[in-house]
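Read through the structure below, which is laid out as structure tokens, and then see the notes.
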Amino acid sequence: MLAKLNEVHEAYLSKERVHQDMVALRAVGYESLAAVLKEALFQAAHGKGAERHAQGAPFDEQPMQQLVDLYGMGFALGQAAKKMQESQRLPHDRARAELLGAINYIAGAVIAMDRQKVEKPPSVAANDSEIGWFSWGGGECPVQHNDVVEVRLRDGDGSHTGKASFFDWKHDHDLADVVAYRVTRKATHG
318 MLAKLNEVHE
328 AYLSKERVHQ
338 DMVALRAVGY
348 ESLAAVLKEA
358 LFQAAHGKGA
368 ERHAQGAPFD
378 EQPMQQLVDL
388 YGMGFALGQA
398 AKKMQESQRL
408 PHDRARAELL
418 GAINYIAGAV
428 IAMDRQKVEK
438 PPSVAANDSE
448 IGWFSWGGGE
458 CPVQHNDVVE
468 VRLRDGDGSH
478 TGKASFFDWK
488 HDHDLADVVA
498 YRVTRKATHG
């Protein structure tokens, strides 16, 4: 087993592999930001973060995520704040390393927040006749494709109105899934 771990570790540390992984992050005018984000990614994937925390697991399955599940989002944000505070009294290189670690904890908080949002869609009454909303668990579109509907999506970002054919009714377990709907205008035929 140790030989297998060494083989995986060597693959992650090969200069060519690291270079290929890091090159993709580009945006004109944002090169300085991209450089810092690349350094944070490198630290998490190949540096101190990988050595201390990864245990061979992908970033979104590492102990940080388990601790966020146990203690809430404040865990990751508190760790980031601690690293930011510690950076203020350290020499330059160590301060940079702490701040890059803070970026990774903040990224972990964003990942956990997104995961929680997908797992807990906004709630709507099953059939509240007063306002006409119906909860939706996925499947074939329940109305005519040309009906105008107002929908609430799994992303929880308010409601959206449009033709029924525009929305994702089936449920792919992503943020665009319809979780509730009401018909605002029936399609006219003729």
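All you need for the numbering used here is the position in the sequence shown, starting with 1, plus 317. Cβ coordinates follow ideal geometry from the N, Cα and C atoms, glycine included. The structure presented is a predicted model; accordingly, all values stated were derived computationally and were not measured.
Does the Cβ of residue i have 16 or more other Cβ atoms within 10 Å, making it buried, or fewer, making it exposed?
i, result
"Arg471", "buried"
"Asn421", "buried"
"Leu387", "exposed"
Identify the continuous alpha helix (DSSP H) that holds residue i and give its terminal residues.
i, result
"Phe451", "That residue, Phe451, is in no alpha helix (DSSP H); its beta strand (DSSP E) goes 450 to 452."
"Asp474", "No alpha helix (DSSP H) contains Asp474, which DSSP labels as neither H nor E."
"Pro380", "380 to 388"
"Ala344", "Per DSSP, Ala344 belongs to no alpha helix (DSSP H) and is neither H nor E."
Residue i by DSSP, collapsed to three states: which one?
i, result
"Ile353", "A small fix is needed here, since residue 353 is Val in this sequence, not Ile. Helix, per DSSP."
"His363", "helix"
"Ala374", "coil"
"Leu407", "coil"
"Ser446", "The predicted position of Ser446 is uncertain, since its pLDDT is 47 and thus under 50; a value taken from the coordinates is nonetheless stated next. Ser446 falls in the coil class under three-state DSSP."
State the start and end residues of the unbroken beta strand (DSSP E) segment that holds residue i.
i, result
"Val468", "465 to 470"
Is it the case that the Cβ atoms of residue i and residue j are separated by a distance below 8 Å?
i, j, result
"Ala497", "Trp450", "yes"
"Ala393", "Ala429", "yes"
"Trp453", "Val495", "yes"
"Gly455", "His488", "yes"
**Asked** Which whole runs of the beta strand (DSSP E) in the region 477 to 505 are 3 residues long or more, in chain order?
**Response** 495 to 502
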